[in-house]
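> Per our numbering, residue 157 is the first one in the sequence shown, and the count goes up by one each step.
Just so you know, even glycine gets a beta-carbon here, dropped at the ideal spot from N, CA and C.
For clarity, every value in this text was computed on a predicted model and none was experimentally measured.
Could you have a look at this structure, given as structure tokens, before my questions?
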Amino acid sequence: MTFMLASVGGPEEAEIAIRHGADIIDLKDANTAFGAVPTAVVRATIAALARRRPVSAVAGELAMEPGAIARRVTELADAGASYVKVGLYPDERRNDCIRALSSLAHRVSLIGVMFADHGADKALLPLLARSGFAGAMIDTAHKSGGRLFDHMDIAAIGHFVDTMRLHSLMTGLAGSLEAPDIPRLLLLSPDVLGFRRALCAGADRASQINADAVDVVRALIPPDQRKLDKAPATIANVDYRLLAARGYSADPRKDDGETDGIFVRDFVLPVRIGAYIHERSRPQNVRFNVDVKVLRPEHVPEDIRDVFSYDVITDSIRVIVAQEHIALAETLAERIAAVILTHPRVAAVTVRVEKLEVGAGAEITRRRPSEIAKVHHLYPAAAADTGPKVGT
């Protein structure tokens, strides 16, 4: 499951975010990409929240100078921040900055932030873990230069998340995320998704947080029931082999609810597939056709909360084929069907996998038992007065 992080400028915005379900309050200057608010604002916000939510604070757009970064992190720890997010910009002194913070790891949970538009470097993750960092996050440094998905595709993001988990780091994703990005990124089960622009009226990150916009984001993220201490335990990798192996019982009975159709046609990717030894030497083009039956919402669709996005289908395929060589087309089809059926509104899915070079493949249909598939919203909205329990 995944926590929702809301970036705010101070106590007033923090209160709006809390009332509408944010799990973590993140203090930053919205007028800059990774700017810090004054330490006094950090203290005032923490006092106003009265431990209702954990608070993170951005260290700011600091040069990679170890002493200056350590002093700033110390100030934020003294102010009471539960987490401090440290921007790790490309610089020959970056590794020294990480090491310089190791003595502070016992005082505050450190989050190393790498930037997709600067070439986020997975090689830093082992050093972050050895230096006591609680987690790592991918963000974007230049908010006018595109979203996270403009710099990394879903498979590359997935590899990064898996590597974070390999080193027992909390996993965070941000970067001008929009509401339609949420179902796609939830496929990777990150610990945290961070938002600013999507929470503001008109998607203007410099304007104040808007309650209705927060509601849209919150409704798309299933509430996380884990206890959110300073550094919650990371969740396990998504294992698509086990997911498919669970099986989904075919239910011959007609669904009680009416359904609509979502489909992907003639989606072609190079895939490492085949049982023969010669098929392991190179990928081959595979065509996917996927038909999904989704339960119809109770009203005319108005926004992303009311639909099942076809991006979830194509992203599911990309993530699965990036994992490993798959011997059988039937196995690949089962994994795709399994991950799509995890979405509550999906009643049934048909997956056709064709190896174009040999003109062969497989087609399967899998259904969710009708007694389970009776929900009419993609995810339940979080109650406004609930939130994670914060360790004291």
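What does a CB cutoff of less than 7 Å around Ala362 pick up in its chain, not counting 5 residues either side in sequence?
Ala186, Asn187
> Which of the three DSSP states, helix, strand or coil, is assigned to Phe419?
strand
> Quick one: Cα of Pro194 to Cα of Val269, how far?
20 Å
> Looking at the structure shown, is Pro167 part of a helix, part of a strand, or coil, going by DSSP?
helix
> Report all residues from its chain with a CB closer than 8 Å to the CB of Glu231; omit the five preceding and five following residues, and keep chain order.
Thr195
> Can you tell me the Cα-Cα spacing of Ala237 and Ala335, whole angstroms?
28 Å
> When we look at the beta-carbon of Glu168 and count the other beta-carbons within 10 Å, is it buried (16 or more) or exposed?
exposed
> Quick one: is the Cβ of Lys278 within less than 8 Å of any heavy atom of the ligand ADP?
Only the bare structure without any ligand can be found here, which leaves the ligand ADP out of the picture.
> If we require 4 or more residues per run, which alpha helix (DSSP H) segments fall completely within the region 174–211?
195–205
> So Ala279 packs on Met326, CB below 8 Å; how close in whole Å?
Contact flag wrong, Cβ pair sits at about 19 Å.
> From Ser163 to Gly515, what distance separates their C-alpha atoms?
51 Å
> Report yes or no: do three or more beta-carbon pairs, one from the region 239–253 and one from the region 271–287, lie closer than 8 Å?
Taking 8 Å as the limit for Cβ pairs, the verdict is that the region 271–287 does touch the region 239–253.
> Provide the residue span of the beta strand (DSSP E) that contains Gly291, from first to last.
291–295
> Find the nearest neighbour of Thr511 within the set Ser259, Ala485, Glu490, judged by alpha-carbon distance.
Note on residue identity: the sequence assigns Lys, not Thr, to residue 511. The candidate whose alpha carbon is nearest that of Lys511 is Ala485.
> I'd like the ranges of any alpha helix (DSSP H) spanning at least 4 consecutive residues and lying wholly in the region 276–334.
281–286, 304–307, 310–322
> Return the residue from the list Ser287, Pro246, Val468, His499 that minimises the CA-CA distance to Ala261.
Ser287
> What is the residue span of the alpha helix (DSSP H) that Tyr466 lies within?
466–479
> Using 8 Å for Cβ pairs, my map puts Val214 next to Ala233. What's the rounded Cβ distance?
Between the beta-carbon of Val214 and that of Ala233 there is about 14 Å, and that puts the pair past the 8 Å contact cut.
> Can you tell which of Val372, Ala178, Ala173, Ala504 has its C-alpha closest to the C-alpha of Phe159?
Ala178
> Just confirm the distance between the C-beta atoms of Val509 and Ala489, as a whole number of angstroms; I'd bet it's less than 8 Å.
5 Å
> Under the three-state reduction of DSSP, which class applies to Asn251: helix, strand or coil?
helix
> Less than 9 Å separating the beta-carbons of Arg491 and Ala504?
no
> Residue ranges of each alpha helix (DSSP H) run of no fewer than 4 residues wholly in the region 476–519, ordered along the chain?
If only complete runs of 4 or more residues are kept, the region 476–519 shows the alpha helix (DSSP H) at 485–496, in order along the chain.
> List the whole-angstrom C-beta distance separating Ile181 from Val211, where the pair is believed to meet the contact cut-off of C-beta under 8 Å.
5 Å
> So what does Ile267 bridge to, in DSSP terms?
Lys241, Gly291
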